[in-house]
Structures are given as C-alpha cells and as structure tokens.
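A.B. asks:
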Amino acid sequence: MKALGVDIGGTRIKAGLVTRDGKILRRLAIETPIDPGEFKRALAAVITQLATGEEELAGVGIGCKGIIDYETTRIEVLPGLLRPLEGTRLSELVPLSVPVRADNDAKVALAGELLWGAARGRRHVVLLTLGTGVGGAILAEGKFIRGVGGVAGHLGHYTLDPDGPVCICGNHGCLEAYFSADAIEAEAFRAVHSGCISVLTDRFRQHPERIRCRDVFEAAAEGDELARLIRDRATRRLAAAIAGLLHIFDPEIVILGGQIVEAGAALLEPLEREVEWRTRGLLRRKVPLVTQQMEDRSGIAGAAALLFAENGGQYTQSPISTGAA
Ligand code: BMX
Ligand code: ZN
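Whatever position you read off the sequence shown (first residue = 1), add 87 for my numbering.
1. So what's H259 in DSSP terms, helix, strand or just coil?
2. For N191, is the beta carbon positioned less than 7 Å from some heavy atom of the ligand ZN?
3. Would you list, in sequence order, the uninterrupted beta strand (DSSP E) runs of no fewer than 3 residues that lie entirely inside the region 216 to 275?
4. Which residue comes first and which comes last in the beta strand (DSSP E) that contains L144?
5. Would you report the Cα separation of G310 and C261, rounded to the nearest angstrom?
6. Could you tell me the alpha carbon to alpha carbon distance between G400 and L343, rounded to whole angstroms?
7. Within 10 angstroms of the Cβ of H294, are there 16 or more other Cβ atoms? Answer buried if so, exposed if not.
8. Can you check which of these residues, L202, G167, I121 and D190, is closest to K110 by C-alpha distance?
9. Determine which residues share a DSSP beta bridge with E118 and list them.
10. Would A196 and Q379 qualify as a contact pair, given that the criterion is a beta-carbon distance under 8 Å?
11. Work out the CA separation of A102 and E349 for me, nearest whole Å.
12. Buried or exposed: H334, going by 16 or more other Cβ atoms within 10 Å of its Cβ?
13. When a residue counts only if its C-beta is closer than 5 Å to some heavy atom of the ligand ZN, which residues count, in chain order?
14. Only counting the same chain, and skipping five residues up and downstream in sequence, which positions put a Cβ closer than 7 Å to that of H259?
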C-alpha cells in the first residue's frame, strides 16, 4: 500500500509516493506558483504524474502552512503571497478519486513522528518546526489539540513580548518574530546594512538580502561577535518559549524540526541548558529536546502519514474531547 504525500510551501511544492513504512519511492518538486490558477494546474499535474500507473493508492495527504480545516480540507487562513487560496478546498484540487486528507504542515510533521519517529507510543508531545516560520503541534493526553477553529498548536504565535516586532499574523512580539529563519535573517540584514563590524558585513556588504540563517550560525561558530549575539539572543528567547510550553503542557518530549535544527549542538546544547534552569523549579525532571526522527523531513512522508494513520496509526483526527455532555 502506498500513499501520495504533498507538502505545499511558500517557495516549493514537494510530493512523493510513500510506502506504509515511510519510505519515499518517487518524488517531484516544483516552484510554488503565486497565481492561484497556475497553482491549481501545477498541483494537479504533479499529483497526476506521480499517481500514473499506481493501482493501489490509499489516498493523497497534503500538508500546508496556515490554518487548514482537517475535516473539509479547506484552507481557512493563509497569510502571505498565497492568500488568494484562502477558501479553497484542497481535496478539490486533487484530480483522482481517492481519499484526500489535509492538515497544517507542523501537525503533519507530528503525524509522521507519531507513526515513524520520536513520538511513537507517546501521549504528551510538543513539536516545533524551526524554519522560515515557526510551526507547532501538540499531542496532549493522546489527542491532537485543535481548538475551536483549528488554530490551536500555532506555537510560533506565542507572544513573548507585547511590544516586540510585528509578526506575519498581525500580533507583536510572537516567538516567530524572534527565532525563525526570517527573523534571524532580518536582524542580520539590518546589522550588515548599517555596516556593523562582522564577517557577515565582509561577506554580504553588497547584498545583505542574500544572508541566510545558516550563514549567521556559521559565522557564530567561527567566533564572530555580531553573529553570536544574534544567534544567542534568538536561542534564549526560544528557550524561554519552550520553558513556558513545558509548564503549560508538561510533555514527555519536545520534538524540534525544520531547517534551523541542522545547526545541531550549537543550537541544542545552549537551548537545553537554558530550558533546564528555567523549568527545574516546577518540573523536577529533564524533558528531552530531540530533533525530528523520521527519515524524511521534507514533509512528504508526514503528509502520507495522514492516510496510513487512519488505517490504525496513532494520528487522531478527532478534536480534543472536552468531557462535556
Ligand atoms: C507560520 C504559519 C504556520 C506554519 C509555520 C511554519 C502561516 C502562513 N504560517 O507560523 O501555519 O505552520 O509558519 O511554516 O500562517 P514554514 O513556512 O516555516 O514551513
Ligand atoms: Zn504571530
């Protein structure tokens, strides 16, 4: 049995054929068209190409940023250039008569981790994806938390400072406005643009807009003061947010995914130290911060997990029970 997994990102649409044990057999990636008509045509073409000749397709699973109604597959909220797609049902863009499931990209990542990765057998998990933005998903008492409108779990929009920088969601001082790749790159851009002394200025003086988060972490590892300041301040804020989340959800583990996690020990060690001292008064135990364990981190396999989990996996698509009659 195979399922088709699709990850819709702001820059790329990635898709692949995924086996029941999470292996990707074939994959395709294209640039995300901004025009809604072109977007729909391109998505349908990718799906058709991958599905051709596949007799036993369990269905199509789709991960997409924003607020996705998992019951109807409708895109409810999608800030940014793809906003015209709000109101579209993703299932209607799939030109096949097979089941279609869709969810927010970070929730999809947790579905994959439950089936094949670090969340296997767990009932209390907090997951954060540290990428362009900061995605989040929560498993509490064995259930995905969705809230009333499917917004729950958007941990990137946890307010750290009421007067902080403006965020894509319209709020000020969200975690995502401090720790995401976008936020780190914006801070480095400002510093280089104003000529601060740094290897980043030496390297990107002509094109500060080309600085990537990875460049900041690399410069910090080389000992550059400015890069260290940016990295360490952002890490401290992330740690403060995670400490708050531990106090709220008391999870068994915290799973960290997304491109910034590739920084490895340079991120994880200071993060663990900071989280530990902030939480030792209440928790009296060390909560493991682990990176995503499933082999595929592209979002493709996680999206396919939405289909497999329905056939007996642990991804639950029921809203959390309030216990009220
Ligand atoms: C944003 C939000 C989340 C998403 C997260 C990670 C939008 C458009 N996105 O917080 O829904 O899960 O980013 O997104 O509201 P990524 O771009 O880092 O993959
Ligand atoms: Zn926000």
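Backbone N, C-alpha and C fix where the C-beta goes; we use that ideal spot for every residue, glycine too. Quantities reported herein were computed from a predicted structural model and do not represent experimental measurements.
C.D. replies: If we stick to the structure as given:
1. strand
2. no
3. 221 to 227
4. L144 to C151
5. G310 and C261 have their alpha carbons spaced roughly 28 Å apart.
6. The pLDDT assigned to G400 is 34, lower than 50, so where the model puts this residue is not dependable, and the model offers no usable value.
7. Exposed is the call here.
8. L202
9. Its beta-bridge partners are R99.
10. yes
11. C-alpha separation (whole angstroms): 22 Å.
12. exposed
13. Ordered along the chain, the selected set is H244, C254, C256, N258 and C261.
14. P249, D250, G251, P252 and V253
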